Amino acid sequence: MPTAVPTDRERTAVQAYLRLLHTVRAAFGDDGPGPAGPAVLPVVPPSVLAETEAALEEAGLAGNEEEFFRMVGGWQPGG
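In case it helps, UniProt numbering puts the sequence shown at residues 1 to 79.
Put into structure tokens, the structure is as follows:
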């Protein structure tokens, strides 16, 4: 596993992605949708999506790179 220190832009992208992830999880509740799915689809505020997209773009990331998910995992408790 690479030991390179993330850049400020990469850290910002990871933090924005985690905020988006936590927002989505909160919208669905701790247990996620039931077997038939949620009765009403939750809405993620456009500002949260825009912040994440801008941070990823600024860092030159698409948000699906293997290295990006390693960085995200490193920021998670127990990661």
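Note that beta-carbon positions come from the ideal geometry of N, C-alpha and C, so glycine has one too.
Please read these numbers as outputs of a predicted model, since none were measured by experiment.
*Secondary structure of Leu49, DSSP reduced to three states*: Position 49 of the sequence shown, counted from the start, is the residue given in the question as residue 49. Correct three-state label for Leu49: helix.
*Do Val44 and Thr12 come within 8 Å of each other at the CB atom, strictly closer than that value?*
The count along the sequence shown starts at 1 and reaches residue 12 at position 12. The count along the sequence shown starts at 1 and reaches residue 44 at position 44. Result no, Cβ atoms of Thr12 and Val44 do not sit closer than 8 Å.
_Helix, strand or coil, according to DSSP, for Ala16 in the structure here?_
Start at 1 with the first residue of the sequence shown, and residue 16 comes out as number 16. Residue state, collapsed to three classes: helix.
*Using DSSP with H/G/I as helix, E/B as strand and the rest coil, what is Thr7?*
Residue 7 sits at position 7 when you count from the first residue of the sequence shown. If DSSP states are grouped into helix, strand and coil, Thr7 belongs with coil.
*Measure the alpha-carbon distance for Ala54 versus Gln76 and round it to whole angstroms.*
The residue you call residue 54 lines up with position 54 of the sequence shown. The residue you call residue 76 lines up with position 76 of the sequence shown. When rounded, the distance between both Cα atoms is 21 Å.
*Could you check what DSSP says for Glu58 in three-state terms: helix, strand or coil?*
Here residue 58 refers to the residue found at position 58 of the sequence shown. DSSP places Glu58 in helix when its eight states are reduced to three.
*Along the alpha helix (DSSP H) that carries Gly74, what are the first and last residues, could you check?*
The residue you call residue 74 lines up with position 74 of the sequence shown. Looking at the DSSP string, the run of the alpha helix (DSSP H) that includes Gly74 is Glu66 to Trp75.
*Would you kindly check if the distance between the Cβ of Leu20 and the Cβ of Leu49 is under 8 Å?*
For the purposes of this step, residue 49 is identified with residue 49 of the sequence shown, where counting begins at 1. For the purposes of this step, residue 20 is identified with residue 20 of the sequence shown, where counting begins at 1. The answer is yes: Cβ separation under 8 Å.
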